[in-house]
Amino acid sequence: MVKRQVRGSIICTASAASVLGGLGPIAYNTSKHGLVGLVRAAASELGKHGIRVNCVSPYFVATPLAISGMSAMGINNASGIEALASSAGNLKGVALKAKHIAEAALFLASDESSVYVSGHNLVVDGGYTVVDNSIIFLLELLPSKPPSYIRVAEEHHDDGSPHVHCLIQFPYKFQTINRQFFDLTSAIGSEQYHGNYQAARDAATVNDYIAKEGVFVEHGEFIGRKQKSSADVVYREAISQDNTESALEVIRQGAPCDYVINFDKVKTNLNRIYKKPPTPYTNPFSDFENIPAIMTEWAHENIRDPAYETPAGPQQGPSP
C-alpha cells in the first residue's frame with residue numbers, strides 16, 4: 001500500500017482480553033495487549049501515508065474455535081456458549097454473534113463512516129470491560145439481607161499488575177460457616193478465585209486505604225464509627241434542661257453507664273439542683289372583725305414579718 005501509494009485500512013482482530021486482564025490465560029492476555037500496541041504503533045507510522053490501522057476486540061463469540069475449546073466443560077454447541085456469555089455479560093437481551101463482529105470490521109474499513117478513525121481498538125463487548133459488576137454480584141449474593149455499604153477499589157502491585165480490594169458493611173452481624181461464600185467464578189470458564197477475607201476493625205481506615213488510587217465504585221451509605229460522648233458534654237447538656245426527668249433522659253442517652261450504676265446518686269443530685277424554693281406563707285385571714293381588741297393588739301406586737309425581726313443576741317448587763 002505504501003509502495004503503490006494507495007490509501008486504505010488495516011484491521012486486526014484482538015479480544016476483550018486486550019483491555020481487561022484475567023479473561024484468559026496469561027499468554028493469551030499478553031498477546032492481545034501486544035497486538036493493540038502494535039496497531040497503535042502502526043497507526044503512527046502509516047498515518048502519513050493515509051493508511052488507517054484499527055483493531056476489533058470482541059467479547060465471547062460462539063465461533064467453531066470457541067466451541068472446540070469449551071468442549072472440555074461440556075459445552076459443545078453455539079447456543080451453550082451464547083447462554084454462558086449472556087449470563088456473564090453486561091448487555092442483556094441480545095446474544096453476540098460473529099456477524100456483529102463482521103459489521104464492526106466493515107465500519108472500520110469504510111471510507112465514509114470511519115474515514116478519520118485510526119489507532120482505535122473497537123471493543124464489541126456490550127460494556128463488559130468498562131462496567132464493574134462486582135457490586136451487583138454481592139447484592140445478588142445476599143438478596144434477603146443486603147449490605148448497607150459496598151466499596152470495590154482497584155489497586156496495582158509494584159509490577160503494575162492489578163488486584164481488587166472490597167469493603168462490605170452490614171447493618172447486622174454477618175456470620176457464615178462457608179469459607180467459599182464470597183468466592184468469584186470466572187465470567188468465562190469455571191475457574192474460581194478465593195480472596196483474603198478479614199474483619200475490618202476500623203472501617204473508616206480501611207475505606208480510605210483501599211481507595212488511595214482513586215479508582216473505585218461504591219453502593220449505599222458508609223457507616224462511620226460512633227463517637228463516644230464526653231462526660232463533660234453530656235452533663236453540661238443535662239443541667240441545661242428544665243427538670244430532673246429531662247436531665248435524666250440526656251444522661252441515659254449520652255452516659256448509659258452512669259445512668260445504670262449511679263442512678264440513685266444522679267437523681268438525688270438533680271432533684272437538689274432543680275428543687276424549687278418553698279412558697280412564702282400568705283395569711284388567708286386579713287379581716288379581724290369580731291376579734292377582741294386585746295387579741296388584735298397581741299398579734300400586732302408578737303406576730304411580725306421575718307424581715308423585720310431582729311436577730312437574738314446575748315443579753316447585755318448594765319455598763320460598769
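The sequence shown begins at 1 in the UniProt record's numbering and counts up one residue at a time.
From the three backbone atoms N, C-alpha and C, an ideal C-beta is built for every residue, glycine too.
Quiz item: What did DSSP end up calling Arg236 once you bin it into helix, strand or coil?
Solution: Indexing the sequence shown from 1 puts residue 236 at position 236. Correct three-state label for Arg236: helix.
Practice problem: With DSSP as the reference, please indicate the residues paired to Arg52 in a beta bridge. | Solution: Mapped onto the sequence shown, residue 52 falls at position 52. BP columns for Arg52 point to Ser9.
Exercise. Starting from the C-beta of Ile10, find all residues in its chain whose C-beta is less than 6 angstroms away, skip the five residues before and the five after it, and write them out in chain order.
Key: Locating residue 10 in the sequence shown gives position 10, counting from the first residue. Same-chain partners within the cutoff: Val53.
Quiz prompt | Buried or exposed by the 16-neighbour rule on C-beta atoms within 10 Å, applied to Ala299 | solution = As a working note, residue 299 is residue 299 in the sequence shown. That one is exposed.
Practice problem: Following the continuous alpha helix (DSSP H) through Glu154, name the residue where it begins and the one where it ends. | Solution: Taking the first residue of the sequence shown as 1, we reach residue 154 at position 154. Bounds of any alpha helix (DSSP H) do not take in Glu154; it lies within the beta strand (DSSP E) bounded by Tyr149 to His156.
Quiz item: Would Gly160 pass as a contact of Arg40 if the rule is Cβ separation under 7 angstroms?
Solution: Along the sequence shown, one-based indexing puts residue 160 at 160. Along the sequence shown, one-based indexing puts residue 40 at 40. No, they are not a contact pair.
Self-check item: Unbroken beta strand (DSSP E) run spanning Val123, endpoints
Solution: Locating residue 123 in the sequence shown gives position 123, where the first residue counts as 1. Val123 -> beta strand (DSSP E) spans Asn121 to Val124.
Self-check item: Distance, Ser230 Cα to Glu272 Cα
Solution: Translated into positions along the sequence shown, residue 272 becomes position 272. Translated into positions along the sequence shown, residue 230 becomes position 230. Residue identity check: residue 272 is Arg in the sequence provided, not Glu. Roughly 24 angstroms between the two C-alpha positions.
Self-check item: Contact set for Val206: own chain, Cβ-Cβ below 6 angstroms, skip 5 residues either direction
Solution: If you number the sequence shown from 1, residue 206 lands on position 206. Same-chain partners within the cutoff: Leu167 and Ala200.
Exercise. Take every Cβ of the region 101 to 114, pair it with every Cβ of the region 64 to 75, and state whether three or more of those distances are shorter than 8 angstroms.
Key: no
Quiz prompt | Three or more C-beta pairs below 8 angstroms linking the region 145 to 157 and the region 119 to 128 | solution = no
Practice problem: Confirm, please, whether the CB-CB distance from Val131 to Asn90 is below 7 angstroms. | Solution: Taking the first residue of the sequence shown as position 1, residue 90 is located at position 90. Taking the first residue of the sequence shown as position 1, residue 131 is located at position 131. Yes, these two residues count as a Cβ contact at 7 angstroms.
Self-check item: Same chain only: Cβ atoms within 8 angstroms of Met295, ignoring 5 sequence neighbours per side
Solution: Within the sequence shown, numbered from 1, the residue matching residue 295 stands at position 295. Excluding positions up to five away in sequence, the list is empty.
Quiz prompt | Nearest-angstrom Cα separation, counted from Leu46 out to Val2 | solution = Indexing the sequence shown from 1 puts residue 2 at position 2. Indexing the sequence shown from 1 puts residue 46 at position 46. Straight-line Cα distance between these residues: approximately 8 angstroms.
Practice problem: May I ask which residues mark the beginning and end of the alpha helix (DSSP H) holding His163? | Solution: For the purposes of this step, residue 163 is taken as residue 163 along the sequence shown, with counting starting at 1. No alpha helix (DSSP H) holds His163; the beta strand (DSSP E) holding it covers Pro162 to Gln169.
Practice problem: Give the single residue among Phe174, Gln169 and Phe182 whose Cα lies nearest to the Cα of Asp202. | Solution: As a first step, residue 202 is located in the sequence shown; it is residue number 202 there, counting from the start. Considering only alpha carbons, the answer is Gln169.
Quiz item: From residue 326 to Tyr59, what does the alpha carbon distance come to, in whole angstroms?
Solution: This structure does not reach residue 326, given that the chain is present from 1 up to 320, and the question cannot be answered.
Practice problem: Mind reading off the beta-carbon distance from Pro171 to Ser148? Whole number of angstroms is fine, and I expect it under 8 angstroms. | Solution: Start at 1 with the first residue of the sequence shown, and residue 171 comes out as number 171. Start at 1 with the first residue of the sequence shown, and residue 148 comes out as number 148. Going by Cβ atoms, the distance from Pro171 to Ser148 rounds to 5 angstroms, so yes, they are a contact pair.
Quiz prompt | Integer-rounded CB distance, given that Asn121 should sit under 8 angstroms from residue 322 | solution = There is no way to answer for residue 322, as the model of the chain reaches only from 1 to 320.
Practice problem: Let me know the secondary structure DSSP gives Gly313 once reduced to three states. | Solution: The residue given as residue 313 occupies position 313 in the sequence shown. Unreliable placement is indicated for Gly313, whose pLDDT of 48 sits below 50; the coordinate value is still reported in the next sentence. Three-state DSSP puts Gly313 in coil, outside helix and strand.
Exercise. Check whether the Cβ atoms of Val204 and Gly220 lie closer than 7 angstroms to each other.
Key: Reading the sequence shown from its first residue, position 204 is the one you call residue 204. Reading the sequence shown from its first residue, position 220 is the one you call residue 220. Val is not the amino acid found at residue 204; the sequence shown has Ala there. Contact: no.
Quiz prompt | Beta-carbon gap between Leu270 and Ala255 smaller than 7 angstroms | solution = For the purposes of this step, residue 270 is taken as residue 270 along the sequence shown, with counting starting at 1. For the purposes of this step, residue 255 is taken as residue 255 along the sequence shown, with counting starting at 1. No, Cβ-Cβ distance for Leu270 and Ala255 is not below 7 angstroms.
Exercise. Determine the DSSP secondary structure at Ile303, reduced to helix, strand or coil.
Key: Position 303 of the sequence shown, counted from the start, is the residue given in the question as residue 303. In the structure shown, Ile303 sits in coil (DSSP, three-state: anything other than H, G, I, E or B).
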